[in-house]
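**Student:**
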Amino acid sequence: MDAPQVQCGPFPLAGIWPQLSLRAEPPHHPRAFVIVQDRSLELSSLRLFARSTMGSKQSESALPRTPSKGKEKQTEPETQITATPARGSPYHVLQTATRPGNKILSDDHQHYIQGAYKDYTHWDVDVEDFVRAVFGCQWTDIEALREPYRDPSNTKDIPPEKYFISKVELKKYWEGNERNGYEPFARAGDALLEELYGPHSTGKAPDESLVARRQALQRRWANNSSRNGQVMRPWPARFEIRDVKAVGNFGIDEKPDLAYSTTAGRPFWEWELVPMEFKMEGKTGAKRKEIIDSLSDILLRWDEKQKTFVVEMPDRRGQAKGKSSKAARDDDADYVPGKQPTQTKKKGQSSTSSSSKRKREAEEALNTKSKRSKNQPDSESPSAASEGSKIIGKQAQVLRYMNQVMSHNVRSYTIAWLVDSGTLRLVYGDRMGIIFTKPIDFLDKDASLLLLILAAMGTADVHDLGIHPCVHYPKDAHGHDQFCLDNGYRGSKLRLAVELDEGTAVDVEFNFDVSESNMRDMHRAKKEKKKTATSGAQRASRGASETVEGALEDSESSQRRTIYTEFGMIGRGTTVIPVVAAPGTKTEELFGSEALVAKVAWPHAVRKAEDAMIKAVRRRLADSKPNYLKHIVDLKCSMTKSGDSEEMHLPRFKLGIVPGADELRVCRILVLKEYEPLETIGSGENFRIVFIDVVRAHHWVYETSKILHRDISLNNIMWYRLPDGRIIGVLCDWDLAEDQSTGDNRPTRRAGDAAAVIWPPEPEPAAQSTTKPSLPSIAEGEATEQPQNLEGAGPSNTQTESQPVVKPRYRTGTGPFMALDLLRRGDPPVHKYRHDLESFLYGYVYFAATYNPEEQAFGYIKEWQCASLVEIGHNKHDFLLDEKVRIGVMKAAHDTLKPLLAGDEAPLMELLYRFCEIETDWHNITTLGLSRKLSARNRAKIEEIEKEREAKMSFSIFMELLGVPEEEGV
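Okay, so the sequence shown: first residue is 1 according to UniProt numbering, each after it adds one.
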């Protein structure tokens, strides 16, 4: 941090410390998301200062410093390196790399994924295991489909007992450029789906053969609890060509190639389930000719002995010399999936390949893996052979689409297809990581695996494809899930099994209370609006980002009650849903008919549950300060489920790919009273009422329960109006709160958590936490935490019988509002009550500097929006100490709010100067610690200054400087 040279006051001061390790790397840099912690660097950096030029800066393009691994003599104690949170949400990180026009490019998104998701990716899972884990489908489940359905009017000369991929379509697929391959690929996929399950939609009654086929399949499913009673195709999707920019909430241009969907035309991420990415190479010159010359019809028949489908390629038998090595492997007319060609056994090599297990063996292994403890990672994970593999090219591209899918609607996981010429990989992603299957030759020897995949996906419902299992969409007359753009959320429900305060278990049902505006119509209206707009100046004056293709305008979304899901696949992934109790149900008897919101998130399992914190806070307030209950968020009910529970059944647990205890996540759903977001407060006078309310409530919570909020931000301050017109401030989002009553608030910190998030809320989405879902206002500390690069980090804290889970210590809070002590490099200190008061100060400053009462919208302080928490701290340090910086921050403030930071005697300035003194004390303590061997005199002086520093801020002092009483009037 820059350290002051003179006494704190409203003078233009410039810092003089060199900016050691405070530079911001570009988002695609592999170490852009970690700070290297060096316990010896604190003092050596200060000694470096004595020899450096004042105010010297490091080049922003320089690579991060890392400890030397060479043979140089070490003059400092051995360094201890850990990862520590250094950035905000992925959307926040991407915003720092925006180009002219405030446009986030796909390349920035891809670089982010390549850096951030690498260590959370597992490679080369067996496809059959994957299909069984995700869809609950295996060969025996489709035995009833051993013969394909044939339309009685079809006169093609095709063997009736064999599935068929036409040589004509294969030739069209391989000829021409990549886009020319989309249509034949889609036709071939749809043709196999029709052979499996009949026509997609004819509007006619099914013929007798199709009826008999469906009945046979239902009988086969009768013993499968997950499918018994399910219609044959609960979500009758087909292959749809996209190749056009998708519409979403975050303004990032992405263009998936195809999708498995029920909706044609322009894709909307909110209603996509299985995006597909194509990469077509090796299609020129001799190689293309060799492939095309070797093509034949692909026939698939059921082998009763093997209990699988096998591949027949009759044109390949007796092929001329010069055939490819792939064709040589396929000389046998029948190919059994998983059965490898005979190979010469090398010395020391087993004759049984790990990839050549029969399905029954794979099923046994899968069952064994699924029984392992969720806290014990699979040491023989399928990713072991590819550990450390980079995410490259099209792999990152398909993950971009999955990132978008997981950032819209209400998801537990998502799947995608990655097609690379003649190979196919399935990809799975959830809040804990990513899984790639092995590539298969889906248009060659592994064509039967393609049939298995399509058979499984063809009978999958929206939950099998990743929609949260507690979310239920209405059915049409045929029993099909109405998950589509045109229907939207009409008739959708949230069903939970909750436990009431008295311990009674009850099933509750809530209706989605979401605007019925059709997104397609909204998108058309937006395009028309852009055509007729004469200038973008009005949007710019609101501080909003310039409208980009594929993003909904915030003015449109603010007029709708919508679902909001924060951006990013891996992490907490908070979703906020506006709901009401279903009329005429037990739920309405319990909770009434008032507007509510459901908050769905995936926090770390080791964290103290937010619902437990809220209940404890309200219970203890009720005992001694009941008049402050109205200022604490009102929790109606909640539910927490582990990923391997019967209700959630995340596929990764069935595959045995389980994170360590410190990375394990649970699904937690809170149903809360709806409040107004702070954006709608309308004036500085009203904000002051709300602000003082929550400062008092925060204090009395700490006094009565010793629970510290630790995530004070404008996102978490909300309000409502009483019937008599009084405004009431409410403190929300207690998921980062800590119970400090036991004194156990300084545990060992483990590596790898991020706790900083973005402010202001993204301009595109339109919902928020525990508030009226019409404006985007969710930011909740760890709520947008994302994976970190754990380079140099020690092993994770995995729970075993002999080793308890180690409670992590995080930098908690939202970057622009965090106290400076929490934004310095190195191990984060204990989060103190004083730090939350400092966060309140920054919240008031942010309001004064960015709020527009007419537009009812926040702008942002650019210098506080950095990807690096340390850089945010540096800039906020300058704000405290340098009047020129403060003037720059306030220059865009609304005229009615500028007086808040004008004049030395303004209450807000009095607070600012006091925290400036506290920061000056930090500089003095650091200066006294320059000596490597501290003298007793210096130690005593440091202790004295630390005590004085703590005494300079308290609730009483804070309220006195604000000029308001400590207790609210009755």
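Beta carbons are placed, not taken as given, at the ideal position from N, Cα and C, and that holds for glycine.
Since E304 sits in a beta bridge, which residues does DSSP pair it with?
**Tutor:** Indexing the sequence shown from 1 puts residue 304 at position 304. DSSP output for E304 lists no bridge partner at all.
**Student:** Between the alpha carbons of I165 and N716, how many angstroms are there, rounded?
**Tutor:** Start at 1 with the first residue of the sequence shown, and residue 165 comes out as number 165. Start at 1 with the first residue of the sequence shown, and residue 716 comes out as number 716. The alpha-carbon atoms of I165 and N716 are separated by roughly 56 angstroms.
**Student:** Measuring CA to CA, which of L820, G969, K390 and L900 is closest to E919?
**Tutor:** Against the sequence shown, residue 919 aligns to sequence position 919. Selected option, being the one with the closest Cα: L820.
**Student:** To which residues of the same chain is M639 closer than 7 angstroms at the C-beta, ignoring the five residues directly before and after it?
**Tutor:** For the purposes of this step, residue 639 is taken as residue 639 along the sequence shown, with counting starting at 1. If we look at M639 and ignore the five residues flanking it on each side, its Cβ neighbours are L496, A497, V498 and I669.
**Student:** Assuming contact is defined by CB atoms lying nearer than 8 angstroms, are W734 and I577 in contact in what I supplied?
**Tutor:** Indexing the sequence shown from 1 puts residue 734 at position 734. Indexing the sequence shown from 1 puts residue 577 at position 577. No, Cβ-Cβ distance for W734 and I577 is not below 8 angstroms.
**Student:** Pull the bridge partners of C637 from the DSSP assignment, please.
**Tutor:** Residue mapping note: residue 637 aligns to position 637 of the sequence shown, counting from 1. For C637, which the question treats as bridged, DSSP gives the partners V671.
**Student:** Under 7 angstroms Cβ to Cβ from R400, same chain only, skipping five residues before and after it: list those, please.
**Tutor:** The residue labelled residue 400 in the question sits at position 400 within the sequence shown. So the list reads S106, H109, Q110, I113 and E254, once near-sequence residues are dropped.
**Student:** Going by DSSP, what residues sit across from I298 in a beta bridge?
**Tutor:** Counting from 1 along the sequence shown, the entry for residue 298 is found at position 298. Answer is I165.
**Student:** Can you tell me which of the three DSSP states D430 falls into?
**Tutor:** Position 430 of the sequence shown, counted from the first residue, corresponds to residue 430. Three-state DSSP puts D430 in a strand.
**Student:** Could you check if I392 is buried or exposed, using at least 16 other CB atoms within 10 Å of its CB as the buried criterion?
**Tutor:** Stepping through the sequence shown from its first residue, residue 392 is reached at position 392. So I392 ends up on the exposed side.
**Student:** Please tell me whether F442 and L452 are closer than 8 angstroms, where the distance is taken between their beta carbons.
**Tutor:** In the sequence shown, residue 442 corresponds to position 442, counting from 1. In the sequence shown, residue 452 corresponds to position 452, counting from 1. Taking 8 angstroms as the Cβ cut-off, F442 and L452 do not qualify as a contacting pair.
**Student:** Using three-state DSSP, classify P341 as helix, strand or coil.
**Tutor:** On the sequence shown, position 341 is the one that residue 341 refers to. With a pLDDT of 35 at P341, under the threshold of 50, the modelled position of that residue is not reliable, and no figure is offered here.
**Student:** Would you identify the three-state DSSP class for C896, choosing helix, strand or coil?
**Tutor:** On the sequence shown, position 896 is the one that residue 896 refers to. The sequence given here has Thr at residue 896, not Cys. Residue state, collapsed to three classes: coil.
**Student:** Skipping 5 residues on each side, what residues in its chain have a beta carbon closer than 8 angstroms to that of A605?
**Tutor:** For this step, residue 605 is matched to residue 605 along the sequence shown. Here the set comprises S642, A661, L664, R665 and V666.
**Student:** Measuring alpha carbon to alpha carbon, tell me which of D141, A902 and N409 ends up nearest G488.
**Tutor:** Here residue 488 corresponds to residue number 488 of the sequence shown, with the count starting at 1. Minimum Cα distance to G488 is reached at N409.
**Student:** Hey, quick one: how far does the alpha helix (DSSP H) through A191 stretch, first residue to last?
**Tutor:** Here the question's residue 191 lines up with position 191 in the sequence shown. From DSSP, the alpha helix (DSSP H) with A191 extends over Y182 to Y197.
**Student:** Could you compute how far the alpha carbon of M406 sits from the alpha carbon of I945?
**Tutor:** Residue 406 sits at position 406 when you count from the first residue of the sequence shown. Residue 945 sits at position 945 when you count from the first residue of the sequence shown. Taking the straight line joining both Cα atoms gives about 49 angstroms.
**Student:** CB-CB under 8 angstroms to A906, same chain, minus the five flanking residues each way: which ones, in chain order?
**Tutor:** Reading the sequence shown from its first residue, position 906 is the one you call residue 906. Only P899 and L900 meet the Cβ criterion.
**Student:** Assign T587 to one of two classes, buried (16 or more other C-beta atoms within 10 Å of its C-beta) or exposed (fewer than that).
**Tutor:** In the sequence shown, the residue the question calls residue 587 occupies position 587. The residue is buried, with at least 16 neighbouring Cβ atoms inside 10 Å.
**Student:** Beta-carbon within less than 7 angstroms of L454's beta-carbon, same chain only, minus the 5 sequence neighbours each way: which residues are those?
**Tutor:** For the purposes of this step, residue 454 is taken as the residue at position 454 of the sequence shown. Contacts found: G189, L192, L193 and L196.
**Student:** Could you pull the start and end residues of the beta strand (DSSP E) that S106 belongs to?
**Tutor:** Here the question's residue 106 lines up with position 106 in the sequence shown. From DSSP, S106 is part of no beta strand (DSSP E) but of the alpha helix (DSSP H) over S106 to A116.
**Student:** Could you say if the segment 705 to 716 and the segment 622 to 632 meet the contact criterion of at least three C-beta pairs nearer than 8 angstroms?
**Tutor:** no
**Student:** Is DSSP giving F915 helix, strand or coil here?
**Tutor:** Along the sequence shown, one-based indexing puts residue 915 at 915. It is helical.
**Student:** For the beta strand (DSSP E) that contains T414, what are its first and last residues?
**Tutor:** On the sequence shown, position 414 is the one that residue 414 refers to. Unbroken beta strand (DSSP E) run through T414: Y413 to D420.
**Student:** Give me the DSSP bridge partner(s) of A505.
**Tutor:** Indexing the sequence shown from 1 puts residue 505 at position 505. Paired residue(s): E499.
**Student:** Closest to D243 by CA distance: which of E183, L736, V889 and G656 is it?
**Tutor:** In the sequence shown, the residue the question calls residue 243 occupies position 243. The option with the nearest alpha carbon to D243 is E183.
**Student:** CA-CA distance, Y117 and G433?
**Tutor:** For the purposes of this step, residue 117 is identified with residue 117 of the sequence shown, where counting begins at 1. For the purposes of this step, residue 433 is identified with residue 433 of the sequence shown, where counting begins at 1. Annotation: Y117 to G433 spans about 7 angstroms, alpha carbon to alpha carbon.
**Student:** Can the beta-carbon of Q865 be found closer than 8 angstroms to that of E679?
**Tutor:** On the sequence shown, position 865 is the one that residue 865 refers to. On the sequence shown, position 679 is the one that residue 679 refers to. No. Outside cutoff.
**Student:** Report the CB separation of P275 from M457 in whole angstroms; it is logged as a contact under 8 angstroms.
**Tutor:** Within the sequence shown, numbered from 1, the residue matching residue 275 stands at position 275. Within the sequence shown, numbered from 1, the residue matching residue 457 stands at position 457. Incorrect: roughly 13 angstroms between the Cβ atoms, too far for contact.
**Student:** Assuming T575 and V600 are in contact, meaning their beta carbons sit under 8 angstroms apart, how far apart are those beta carbons, in whole angstroms?
**Tutor:** If you number the sequence shown from 1, residue 575 lands on position 575. If you number the sequence shown from 1, residue 600 lands on position 600. About 4 angstroms; that satisfies the 8 angstroms criterion.
**Student:** Going by Cα to Cα distance, which pick from Q395, R710 and F250 is closest to V695?
**Tutor:** Residue numbering aside, residue 695 sits at position 695 when the sequence shown is read from its first letter. Ranking the options by Cα distance to V695, first place goes to R710.
**Student:** Can you tell which of V508, I298, F567 and K493 has the C-alpha that lies nearest to the C-alpha of D446?
**Tutor:** In the sequence shown, residue 446 corresponds to position 446, counting from 1. It is I298 whose Cα lies nearest to the Cα of D446.
**Student:** Check whether the segment 253 to 273 touches the segment 473 to 485, counting contact only when three or more Cβ pairs, one atom from each stretch, lie closer than 8 angstroms.
**Tutor:** yes
**Student:** Enumerate in chain order the residues of its own chain whose CB-to-CB distance from L897 is below 6 angstroms, with the five nearest sequence positions on each side excluded.
**Tutor:** Walking along the sequence shown from the start, residue 897 turns up at place 897. Hits under 6 angstroms: G684 and A848.
**Student:** Can you check DSSP and say which residues form a bridge with A581?
**Tutor:** As a first step, residue 581 is located in the sequence shown; it is residue number 581 there, counting from the start. In the DSSP output, where bridge partners are listed per residue, A581 has F510.
**Student:** Can you tell me where the alpha helix (DSSP H) with D129 in it begins and where it stops?
**Tutor:** Reading the sequence shown from its first residue, position 129 is the one you call residue 129. Boundaries of the alpha helix (DSSP H) harbouring D129: V127 to F135, taken from the DSSP string.
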